[in-house]
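Accompanying notes for the structure given below.
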Amino acid sequence: MDPIAVSMDTPEAAPMAAREEVTAVAPRGWSSAAASALMTSDLSLSLSSPSPSPSPSPSPSPSALSVQLPRRRVTAAAIATGLALACPAAPALAGIFGRDEPPATPTLRVATFPDLDRAAQAAAARWAALRPNVPLKLSSLQYADHHLAMTTALATGSGLPDVMAIDLRYIGKFAASGGFVDLDQAPYHAAAHASDYARFALAQGRGPGLTSQIALPADIGPGTLLYRKDVLDKAGVSEAELTHDWTTYLAAGQRIKARTGAFLFGNAGDLRDIALRQGLRDGEGIYFDAEGRVLVDSERFHRAFELGRTARRAGLDARAIAWSNDWAAGFKQGRIATTMIGAWLVGHLRNWLAPETAGLWRAAPLPGGVKAAYGGSFYAIPKKAQNKAAAWDFIRMMTAHPGVQLQALQVLDSFPALVSVYQDPVMDEAIAFLGGQRARQMWRDTAVSIPAIPVHRFDALATDIIRDEFEKVIARGKDIAVALADARSLLERRARRR
Amino acid sequence: MRARGWAPYLFLAPFFVVFLVFGLFPLLFSIYLSFQQWNPAEGLHTMHSVGLENYWYAITDPWFHDSLLNTLWFALVSGAPQHLVALPLAYFIHRQVKRGRDLLVGAYFVPYITSSVAIALIFSTLYSKDYGLINAALSELTRLPFIGSPLEAAQLARGGPIDWLGDADTTRPAVAFVVFWRYLGWNLVLYLSALQVIDQDLYEAATLDGASTWQQFRHVTLPLLKPMIFFAVTLTLIGNLQLFEEPFILVDSEKGVSQSVMTSAIFMYRLAFNDGDFGTASAVSWLLFILIAALTWLNARLFGRDARGAHEAG
Numbered sequence: 001m002d003p004i005a006v007s008m009d010t011p012e013a014a015p016m017a018a019r020e021e022v023t024a025v026a027p028r029g030w031s032s033a034a035a036s037a038l039m040t041s042d043l044s045l046s047l048s049s050p051s052p053s054p055s056p057s058p059s060p061s062p063s064a065l066s067v068q069l070p071r072r073r074v075t076a077a078a079i080a081t082g083l084a085l086a087c088p089a090a091p092a093l094a095g096i097f098g099r100d101e102p103p104a105t106p107t108l109r110v111a112t113f114p115d116l117d118r119a120a121q122a123a124a125a126r127w128a129a130l131r132p133n134v135p136l137k138l139s140s141l142q143y144a145d146h147h148l149a150m151t152t153a154l155a156t157g158s159g160l161p162d163v164m165a166i167d168l169r170y171i172g173k174f175a176a177s178g179g180f181v182d183l184d185q186a187p188y189h190a191a192a193h194a195s196d197y198a199r200f201a202l203a204q205g206r207g208p209g210l211t212s213q214i215a216l217p218a219d220i221g222p223g224t225l226l227y228r229k230d231v232l233d234k235a236g237v238s239e240a241e242l243t244h245d246w247t248t249y250l251a252a253g254q255r256i257k258a259r260t261g262a263f264l265f266g267n268a269g270d271l272r273d274i275a276l277r278q279g280l281r282d283g284e285g286i287y288f289d290a291e292g293r294v295l296v297d298s299e300r301f302h303r304a305f306e307l308g309r310t311a312r313r314a315g316l317d318a319r320a321i322a323w324s325n326d327w328a329a330g331f332k333q334g335r336i337a338t339t340m341i342g343a344w345l346v347g348h349l350r351n352w353l354a355p356e357t358a359g360l361w362r363a364a365p366l367p368g369g370v371k372a373a374y375g376g377s378f379y380a381i382p383k384k385a386q387n388k389a390a391a392w393d394f395i396r397m398m399t400a401h402p403g404v405q406l407q408a409l410q411v412l413d414s415f416p417a418l419v420s421v422y423q424d425p426v427m428d429e430a431i432a433f434l435g436g437q438r439a440r441q442m443w444r445d446t447a448v449s450i451p452a453i454p455v456h457r458f459d460a461l462a463t464d465i466i467r468d469e470f471e472k473v474i475a476r477g478k479d480i481a482v483a484l485a486d487a488r489s490l491l492e493r494r495a496r497r498r
Numbered sequence: 001m002r003a004r005g006w007a008p009y010l011f012l013a014p015f016f017v018v019f020l021v022f023g024l025f026p027l028l029f030s031i032y033l034s035f036q037q038w039n040p041a042e043g044l045h046t047m048h049s050v051g052l053e054n055y056w057y058a059i060t061d062p063w064f065h066d067s068l069l070n071t072l073w074f075a076l077v078s079g080a081p082q083h084l085v086a087l088p089l090a091y092f093i094h095r096q097v098k099r100g101r102d103l104l105v106g107a108y109f110v111p112y113i114t115s116s117v118a119i120a121l122i123f124s125t126l127y128s129k130d131y132g133l134i135n136a137a138l139s140e141l142t143r144l145p146f147i148g149s150p151l152e153a154a155q156l157a158r159g160g161p162i163d164w165l166g167d168a169d170t171t172r173p174a175v176a177f178v179v180f181w182r183y184l185g186w187n188l189v190l191y192l193s194a195l196q197v198i199d200q201d202l203y204e205a206a207t208l209d210g211a212s213t214w215q216q217f218r219h220v221t222l223p224l225l226k227p228m229i230f231f232a233v234t235l236t237l238i239g240n241l242q243l244f245e246e247p248f249i250l251v252d253s254e255k256g257v258s259q260s261v262m263t264s265a266i267f268m269y270r271l272a273f274n275d276g277d278f279g280t281a282s283a284v285s286w287l288l289f290i291l292i293a294a295l296t297w298l299n300a301r302l303f304g305r306d307a308r309g310a311h312e313a314g
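Protein chains in written order, with UniProt numbering: chain A, 1 to 498; chain B, 1 to 314.
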C-alpha cells in the first residue's frame with residue numbers, strides 16, 4: 001500500500017529507460033525541479049519573447065546566453081503567486097519530497113536552458129562518439145526556471161545534475177554557495193588549461209576570493225557598439241565621433257536627433273551601466289572590491305550617473321528598456337541609432353528583432369575605449385554530482401573543443417570563450433547583416449583585452465539597487481551624491497547580513 | 001469490520017496528504033524559517049537560528065517601508081473606487097436593467113476570472129508609450145477643438161507621449177486602474193447578490209411613504225447592505241495587501257520605476273528569489289499576516305458590529 005513503492009523504478013527497468021534518453025532532450029524536470037515544472041512551459045515559451053511580431057519564436061534563434069535575456073516575468077509571477085505569498089519555503093519542500101535515485105547506468109545528466117541547450121544538442125553526436133557508454137541526458141528549463149530549480153537543488157542537495165549550466169547573472173551567487181567542486185583540484189586541474197579561455201571569462205568563473213575555479217566559460221559576449229550606418233550618414237556623423245569618448249558620443253547623438261529624429265540609444269541606464277565599467281583594471285570589482293567593500297559611491301559611479309543624466313536631459317535615449325516592445329520596435333523602425341551591447345545581439349537583430357534592417361548596421365568598439373563583456377554562460381560540476389569524471393569530460397568538450405565551440409558560434413551566434421579558435425578563418429568571415437563587415441576580428445580583439453573583473457555574490461543585488469537609485473536621479477531629480485550614498489548604505493545593509 | 005474502520009480515512013487521505021504537504025507543512029516551515037538565516041543556494045546545512053533578527057531587519061528596512069506605503073496606496077486608490085463604483089452600479093443594474101442583466105453582469109465579471117497574466121500583458125500593450133492604444137487615442141484627441149490644444153501642450157510639456165509604465169508619476173495610477181478594472185465585477189456580483197435578497201415589500205412600503213429613489217437607496221438599501229459591504233471591503237483589503245501579479249508583470253523589474261509599484265508581496269519575492277534571503281522573506285510574510293489580521297480586526301470593529309446587527313435585524 002505504500003504509494004511511493006508503486007511508482008519507484010526497479011533497478012532492472014532503469015537501464016532501458018536511460019538508454020532511451022541517449023540523445024533526447026528531455027525538458028521534463030527531474031525530481032526537485034518540480035516546483036518549476038509546475039509552470040506551464042508553453043505559456044512561458046509563448047510569452048518569453050518580447051517581439052511584437054506574430055511569430056515571436058526566433059528560429060534558428062540566436063544566442064540567448066547572455067545576461068540580457070528576456071526576463072521570465074510571467075513564469076516568475078506564476079511561481080511567485082504560488083510560492084512567495086503562501087510561503088517562501090516551498091522550493092525546499094519540493095526538494096525534500098522529490099526523490100533522487102542514483103542512476104543505474106552512468107548516465108551523464110546535464111541541466112541547461114535555452115538557447116544554450118542547442119549548443120549541447122548539437123554536440124550530442126560528438127559526445128556519443130567520445131564516450132559511447134555514458135549516455136547523455138539533457139534537461140532544459142526556461143532561463144529563470146532553470147536557475148530557480150538549480151537554487152532549489154543546491155538548497156536541498158537533492159536532484160543535482162552532473163553538469164550545471166549557469167548564466168553569468170547567477171554565477172556569483174552560485175559560486176558563493178560552496179556547492180560546486182573546485183576544478184583547480186585533482187583530477188581536473190583546470191589551472192593547467194587556463195590559457196585555453198578568454199582571461200576575463202575564466203576569472204568570472206572563479207569562486208569567492210578567487211581561490212577556486214567553480215565554472216568554465218562556454219561562451220562570452222564581447223561588448224560592442226552597433227550603429228545604423230544609414231542614420232549616421234543622413235546625420236553626417238562619422239563612426240570616429242561615436243567612439244572617441246563619451247562627450248563626442250553624446251554630441252553625435254544630438255546631431256542625429258536633430259537631423260534624423262532618431263534616438264542615440266535605448267535607455268539612459270544602458271549608458272550608465274557601460275560607463276561605470278570604464279577604467280576598471282584586472283582584479284577590480286564593479287560594485288565590490290576584493291575585500292568586499294562597497295564601491296558604489298566612488299568617482300566612477302558619480303561619472304556614470306552624471307553621464308546617464310546628461311543623456312536623459314538631452315532627450316537622447318528612447319526610454320526603452322531592453323527586450324521591451326518599444327525597444328524592439330525602435331530597432332525595426334530605425335528610431336534607435338546605436339546600441340551598446342554584446343556581439344550576440346547581431347544574431348537577435350538578424351533573426352527576429354529587425355531582420356529587414358540587414359546590411360544597415362555596423363559594429364564598432366565601445367566609446368571611450370571601454371572593454372566590457374555582456375553576459376556569458378558557464379558549466380560547473382556540483383559536489384553531489386554522481387558522475388564527475390564524465391561531467392568533466394563533457395565540460396571540456398563543450399568549452400575547449402574547437403569544433404564544438406565553432407559549432408556553437410554557428411548554431412547560436414554565441415561568441416567562443418576558447419581563444420584558440422580566434423585564429424580560425426571563421427573569425428575573418430564577412431557578416432552580411434553588418435554590410436559585409438569582418439566584425440568578429442574586432443570582437444576577438446575585445447575578448448582578449450577585457451579586464452578580468454571578479455564577480456561578487458551580491459553583484460545582481462547591487463545592479464538592482466543602482467538601477468533603482470539611478471531612476472530616482474533621472475526621473476525624480478534626486479541628487480546623485482545622495483542617491484549613491486543611499487545605494488551604498490542599502491547595499492552594505494544587505495551584504496552585511498550574509 | 002476492521003476494514004470498514006479505516007476505509008473512510010483512506011478515502012479522506014488524499015486531501016489530508018495534499019493539505020499536509022502543500023498547506024500545513026509550508027506554513028509551519030515558514031514560521032520556523034522566519035527565525036533562521038538561510039540562503040538556499042548554500043544548502044540546508046547553512047541554516048542557522050537568528051532569533052527575532054529577521055523581523056527587526058525587515059521592520060527597519062527602507063524598502064519594506066516603501067513597499068508598505070505602496071501597498072497602502074494601492075489599497076486606497078484601487079480599493080476604494082471598486083466599492084464606490086460597484087455599489088451604485090449594482091443598485092442601478094438591480095433596479096433598472098431587466099433584460100440582458102445576466103449578460104451585463106457576466107461582462108463585468110469576466111476580468112475577475114481571466115488570468116491576471118493575460119490581463120497584464122494586454123494592458124502593457126495598451127499602455128505602451130509609442131505603440132499603445134491609449135496614447136494613440138490621446139493623440140487623436142489633440143485634434144479635437146477645445147480640449148485638443150491644452151492636451152497637446154500638456155504632452156509637449158512632458159516631452160512626448162506619456163510613458164505609462166515607465167514613468168514613476170504614472171506607473172502607480174496605471175497599475176491601480178488595472179486592479180480596479182479587474183475586481184470591479186467581483187464586487188458588483190457581491191453587491192448584486194445582496195440586493196436581490198432585500199425584500200421588495202420594504203421598497204413598496206417606502207414608496208407608499210413617499211420616499212424618493214435616493215431616499216430609498218440611502219435609508220433602505222444601504223443599511224441592509226452593510227453586512228455585504230463589510231465582507232466585500234474585508235476581501236478587498238486582504239486582496240490588496242497581497243497584491244502581486246499586476247504590478248509585477250506590468251512593470252518590468254528591469255525598470256528603475258519598478259520600485260514605485262513594489263508592494264510588500266513583491267518585496268518579499270525579491271528578498272527570497274533575488275537576494276536569496278529566505279529567512280527575512282518569511283518574516284515579512286508573517287509581518288504581512290499580522291498586518292492583514294490587524295486591519296481586518298479594525299474593519300470588523302468599525303463596521304462589523306453594525307453589520308451583524310443589521311443582519312440580525314434583517
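We treat Cβ as the ideally placed atom computed from N, Cα and C, and that holds for glycine. If you're wondering where the values come from, they're calculated on a predicted model, not measured in any experiment.
Query	Result
DSSP-derived helix/strand/coil call for residue 198 of chain B	coil
For residue 37 of chain B, three-class secondary structure by DSSP	strand
Cβ separation of residue 279 of chain A and residue 264 of chain A, assumed to be a contact under 8 Å, to the nearest whole Å	So it is not a contact: roughly 22 Å between Cβ atoms.
Extent of the continuous alpha helix (DSSP H) run through residue 164 of chain A	Here residue 164 of chain A belongs to no alpha helix (DSSP H); instead the beta strand (DSSP E) covers 163-167.
Proximity below 8 Å, CB of residue 39 of chain B to CB of residue 280 of chain B	no
C-beta neighbour in chain A for residue 148 of chain B, strict 8 Å	no
Pairwise C-alpha distance: residue 174 of chain B and residue 77 of chain B	11 Å
Residue from A:301, A:255, A:354 with nearest C-alpha to residue 315 of chain A	A:255
Close beta carbons around residue 332 of chain A, own chain, < 8 Å, minus the five adjacent residues each side	353, 354, 356, 357
Distance between residue 83 of chain B and residue 457 of chain A (C-alpha atoms, nearest Å)	46 Å
Any chain B beta carbon closer than 8 Å to residue 155 of chain A	yes
Listed by chain order, chain A residues near residue 259 of chain B by CB distance under 7 Å	468
Contacts of residue 324 of chain A in chain B (Cβ-Cβ under 8 Å)	252
For residue 17 of chain B, three-class secondary structure by DSSP	helix
Cβ-Cβ separation, residue 334 of chain A to residue 42 of chain B (assumed contact under 8 Å), whole Å	Residue 42 of chain B to residue 334 of chain A, Cβ: 48 Å. No contact.
Where residue 316 of chain B falls, given that 16 or more other Cβ within 10 Å makes a residue buried	Because chain B here runs from 1 to 314, residue 316 of chain B falls outside it and cannot be looked at.
Chain B contacts made by the segment 151-182 of chain A, where a contact means CB separation under 8 Å	151, 152, 154, 155, 156, 157, 173, 174, 176, 177, 178, 179
Inter-residue CB distance, residue 230 of chain B and residue 303 of chain B (contact presumed, cutoff 8 Å)	4 Å
For residue 273 of chain B, the three-state DSSP class (helix, strand or coil)	helix
DSSP bridge partner residues for residue 82 of chain B (one or two, in chain order)	DSSP output for residue 82 of chain B lists no bridge partner at all.
Other residues of its chain near residue 138 of chain B: CB distance less than 8 Å, five sequence neighbours each side excluded	151, 155, 161, 162
Contact list for residue 131 of chain B against chain A, beta-carbon separation under 8 Å	52, 325, 326, 329
Minimum length 4: unbroken alpha helix (DSSP H) runs contained in the segment 283-337 of chain A	299-313, 325-332
Where the beta strand (DSSP E) containing residue 228 of chain A begins and where it ends	215-228
Min CB distance residue 152 of chain B to chain A below 8 Å	no
Terminal residues of the beta strand (DSSP E) in which residue 136 of chain A lies	136-140
Residue 38 of chain B: CB within 7 Å of a non-hydrogen atom of the ligand ADP	Among the ligands in the structure shown, none appear at all, so the ligand ADP cannot be discussed.
Any C-beta of chain A under 8 Å from that of residue 255 of chain B	yes
Per-residue contacts from residue 251 of chain A into chain B (C-beta, under 9 Å)	Near residue 251 of chain A there are no residues of chain B at all, since even the closest Cβ is about 20 Å away, more than 9 Å.
Beta-carbon neighbours of residue 274 of chain B, restricted to chain A and to distances below 8 Å	460, 461, 464
Residue 256 of chain A in three-state terms, based on DSSP	helix
Proximity to residue 243 of chain B [Cα-Cα], best of B:70, B:62, B:209	B:70
Opening and closing residue of the alpha helix (DSSP H) in which residue 243 of chain A lies	239-243
Proximity below 8 Å, CB of residue 311 of chain A to CB of residue 266 of chain A	no
Identity of the residues DSSP links to residue 362 of chain A by a beta bridge	A:227
Within chain B, the residues that residue 321 of chain A reaches when beta carbons sit closer than 9 Å	166, 252, 254, 255
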